[in-house]
Every structure is written in C-alpha cells, then in structure tokens.
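Asker:
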Amino acid sequence: MSEYDTPHGAVVGTSDTHGASQGDGHGYGSTAVRLDQGHIEGTGGLPARFQNPGLPPHVPRMADLDERAAKRAEKQVAALFGLSSLGTVLFIVAYFAIDPEQSGFIPGIGNASIYNVVLGICMALALLGCGVGAVHWAKTLMPDTESVEERHPQRAKDEDRQRVVAGLMEGGEKAQLGRRPLIKFSLLGALALPPLAIILPLIGGLGPLPKDQLSTTMWKKGDRLVRDPERTPIRADQVTIGSVFHVLPESIKDSQHVLEDKAKAAVLLMRLNPEDIKPQKERDWGHDGIVAYSKICTHVGCPVGLYEQQTHHLLCPCHQSTFDVTQDCKVIFGPAHRPLPQLKITVDSQGYLIADAPFREAVGPSFWERGSA
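In terms of this note's numbering, the sequence shown opens at residue 83 and continues consecutively.
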C-alpha cells in the first residue's frame, strides 16, 4: 500500500495549536478532509471578526519629491497630447489629399491601399497619444494615495455629502490643472480633435447626395424602344394583342453605368384592345392600344415579370403585388400602394415606337424625398 492509500475514515496527520503539521509529514493537518473520507461534519472555525490588514506604506514618486521631475512629466504628458492632436490633423489632411484608389507596396503588408493605411496610422496616433498621455498623467502627477471609506447607509448625511463635494473640488486642485496650464490646454486639444477622426469618415463616407438620380431615368423624348436584351427597335405593327415586350431605351448603349440605368429604365410593352382600356389618360399616352409601363414594382423594386394575357394583369412574383393594365396599372392585390408609372409613347416616321416624353413620376418604390421626374 502506498503512502496515499490510507483506509477510509483515517486522518492523516494532526496539527498542534500553532498549526504545525504532525503525523506522517504530508501537511494535511487536522482540518484537512480527503476525498475518500466520506461525510465529515465541520466545526466552522471562522473568526468572529477578521483583522484589518491595513494599507501598505505610501511610497512617494519622483514627481512628488522633485519639482524638476514634475515639470519633466508635465512636458511628456503635453507632448503625448500634442502627438494626439497632430495625428488628428494629419488624418484630416490625408482624408482629402490622398486618392482613395491609390495603392502601393508597403513592407510587411504587401500591396495595399495607401489611403487606408495612412488613415489607420493617423487615427492610431490620435488615439494612442491621448490614451498614453492620460495614463502617464495619472501615474506621475495625479494623487496616488489610497483611502478607505467604511460602509455607510444608502444616503449619506448632509455633512458627508458636502465633504464629498469638497473632496472633488480638492481633487481638481491636486490634479494641478491650475498650476499646469500646458497640460490643460493640450488636453483640451487632445480630447476635442480625436472625435473628428471618427465623425469625418462617417459623414464623408455617406458619399455625395443623390440629387435627382433616384427620380429620373434615361428615357427622353424621341428615344426608341428596343428589345431587352437584343437591343433591336420595335415597330408598332410587330406588337400584337396579348403580347408583351421587355424593352429599354435605345440610349442605353451610351450608358456609363448600364446596370444602374437599366434597373430604373426597364419597361414592359403590351398591346390591348383599345376598348378594354378604361382611363382616357392611358389611351392618350399609348398608341393604338399599345401601352408601356415601368417594370420596377412600386413595393420594394422587384421586377414585375409576369403578364396574364386573359385578365391583363401584371404580377410581381416576389411579393404578389398585382396591377391591372386596363385601369392604368392600378394595384388590385398585394403590398404595393402605388400604380406602375406609365411611359408616354408614340411612333416615328418609320413606324418605330419611341418615347414621347420621359416618365412624369419617379419609378420604383417610395422613398422619403420622392418627387416627380
């Protein structure tokens, strides 16, 4: 049997009144309970009151004993705050001066965006200088003595509350802001400027205002209607009753942003019996029963891609909004709240369908600054 294989219930070693271990020397003591001893009822040998260990003696710092050391620490803190301010100023300059598309080789990183790297370094200087300066200020010049406050009722007495206020005022005096104007003014700059490094990208990153880009499309008077995706023009006699064409303006070929312009300018072209068209405005804006409506659903901008020839209904398959072509594309079912905008069309001298005017209202879903086209 090994030295740890004692029988169940046996106590290994005892201790005398001084806490010294006796027995086989393993140091368990009389209060030690082994895992294989089973249930043992304790006596609860805790003292009624713990002795207050007190606080270690205060060790003064160099700045507490030597005014030259304090002055040197003040300059170091001010230099760190100045570094923070410099980092913010450089951030603002770099934000406007460096081309966001510029890239180059950076040792240790590789090919990266010069714009992002410089902004990151400048922001790091701004935050690091402010943080390290505050820590150095607290470590070298602010009071470092510890104090103990006994527990008291939830609300202190009036004299105690006044004493706290006086203590706060005294703390301000001990922080030496009045005696150290260099720290005070450099701290103001370090605290006031770094937030600009966060606010400026948030505001500048929003990009230019959209102006009327959300309300206008490429359609203009005289623009031919062409098939999508063939980009071939459409003659009026090619559009039969019950047929539907997905069309775009012919000027889409000159677009610098094809996907963006196509997403707004897509149109559905249909031909109905003129007698089935109820609103006079829809007849006037069409040609011999041929009408053109925006393909962009007024709910959330999904493409309206299904046409029921018998009922003359346009259906958005995404959220089931249904528009009645015979009633100027009025919403008859689904979450959409506005009819599809109609494009006024006519024919040119060669019989090709052309736009007689741009859209008179903004296409697609609603937005807070929606206006007429």
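Heads up, the beta-carbon is just placed ideally off N, CA and C, and yes, glycines get one too.
Between the C-alpha atoms of K157 and I281, what's the straight-line distance to the nearest angstrom?
Answerer: Rounded to whole angstroms, K157 to I281 spans 29 Å at the Cα level.
Asker: Just how far apart, CA to CA, sit G164 and L264?
Answerer: 10 Å
Asker: DSSP puts P385 in a beta bridge; with which residues?
Answerer: Per DSSP, I378.
Asker: What are the uninterrupted segments assigned as beta strand (DSSP E) that are 3 or more residues long and contained completely in the region 310 to 392, given in chain order?
Answerer: 326 to 331, 349 to 353, 372 to 376, 388 to 390
Asker: Which residues does DSSP pair with V413 in a beta bridge?
Answerer: Answer is F405.
Asker: State the DSSP-derived secondary structure class of T428, mapped to helix, strand or coil.
Answerer: strand
Asker: Roughly how far, in whole angstroms, is the beta-carbon of V159 from the beta-carbon of W219, given that I think they are within contact range, below 8 Å?
Answerer: 5 Å
Asker: Suppose you measure from the CA of A161 to the CA of L270; what does that come to, to the nearest Å?
Answerer: 13 Å
Asker: With H, G and I counted as helix, E and B as strand and the rest as coil, what does DSSP make of G190?
Answerer: Correct three-state label for G190: coil.
Asker: Please report the distance separating the alpha-carbon of A418 from that of R353.
Answerer: 24 Å
Asker: Between which two residues does the alpha helix (DSSP H) holding I180 run?
Answerer: No alpha helix (DSSP H) holds I180; DSSP gives it neither H nor E.
Asker: Please report the distance separating the alpha-carbon of K266 from that of L259.
Answerer: Rounded to the nearest angstrom, the gap between the Cα atoms of K266 and L259 is 6 Å.
Asker: Assuming E218 is part of the alpha helix (DSSP H), what are its boundary residues?
Answerer: According to the sequence as given, residue 218 is His; it is not Glu. H218 -> alpha helix (DSSP H) spans 196 to 222.
Asker: Alpha carbons only, please: which of V349, P277, I323, E342 is nearest the one belonging to R309?
Answerer: V349
Asker: Could you spell out where the beta strand (DSSP E) holding L397 opens and where it closes?
Answerer: It spans 395 to 397 - the beta strand (DSSP E) in which L397 sits, taken as one unbroken run.
Asker: Ends of the beta strand (DSSP E) at A274?
Answerer: Careful: A274 lies outside any beta strand (DSSP E), inside the alpha helix (DSSP H) at 263 to 274.
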